[in-house]
Each structure stands twice: as C-alpha cells, then as structure tokens.
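Asker: Numbering (this note's numbering), first residue to last: 30 to 78.
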Amino acid sequence: MPESQVIQIVLATFALGFIAGLLSLKLIRIFLKRVRRLTARYRYFRKLN
Numbered sequence: 030m031p032e033s034q035v036i037q038i039v040l041a042t043f044a045l046g047f048i049a050g051l052l053s054l055k056l057i058r059i060f061l062k063r064v065r066r067l068t069a070r071y072r073y074f075r076k077l078n
C-alpha cells in the first residue's frame with residue numbers, strides 16, 4: 030500500500046469522525062432542550078396541584 034493512500038484513508042476517517050461528532054453534538058443539544066422543556070412543564074403542573 031503506498032504512503033499517499035494511507036494518508037488519504039487517515040484523513041477520510043478523521044473527517045468522518047469530525048462530522049459525526051458535530052452531528053451528535055447538535056442532536057444532543059436538541060435532545061437536552063426538549064428534556065428541559067418537558068421538566069419545566071412537569072414542574073409547572075406540580076405547582077398547580
């Protein structure tokens with residue numbers, strides 16, 4: 030296997046990992062926002078009762 034091919038594979042895997050990390054961060058943020066909204070709503074209903 031030539032060296033340039035190895036470098037290309039390493040760069041490709043790194044790029045894929047980076048993109049996956051960014052996407053997962055975005056998803057985690059959206060998930061956290063929804064969870065916070067749900068907990069806030071739950072607390073509000075508990076206050077009413």
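From the three backbone atoms N, C-alpha and C, an ideal C-beta is built for every residue, glycine too.
1. Quick check: what's the CA-CA separation for ARG63 versus LEU40?
2. Quick check: the Cα distance between ARG66 and ILE57, rounded to an integer number of angstroms?
3. Which same chain residues end up closer than 6 Å to ALA49 when comparing Cβ atoms and leaving out the 5 residues on each side of it in sequence?
Answerer: Let's see:
1. The count along the sequence shown starts at 1 and reaches residue 63 at position 34. The count along the sequence shown starts at 1 and reaches residue 40 at position 11. The C-alpha of ARG63 lies about 35 Å from the C-alpha of LEU40.
2. Within the sequence shown, numbered from 1, the residue matching residue 66 stands at position 37. Within the sequence shown, numbered from 1, the residue matching residue 57 stands at position 28. In a straight line, the C-alpha of ARG66 is about 14 Å away from that of ILE57.
3. Within the sequence shown, the letter at position 20 stands for residue 49. A distance below 6 Å between beta-carbons, with the five flanking residues on each side excluded, links ALA49 to no residue of its chain.
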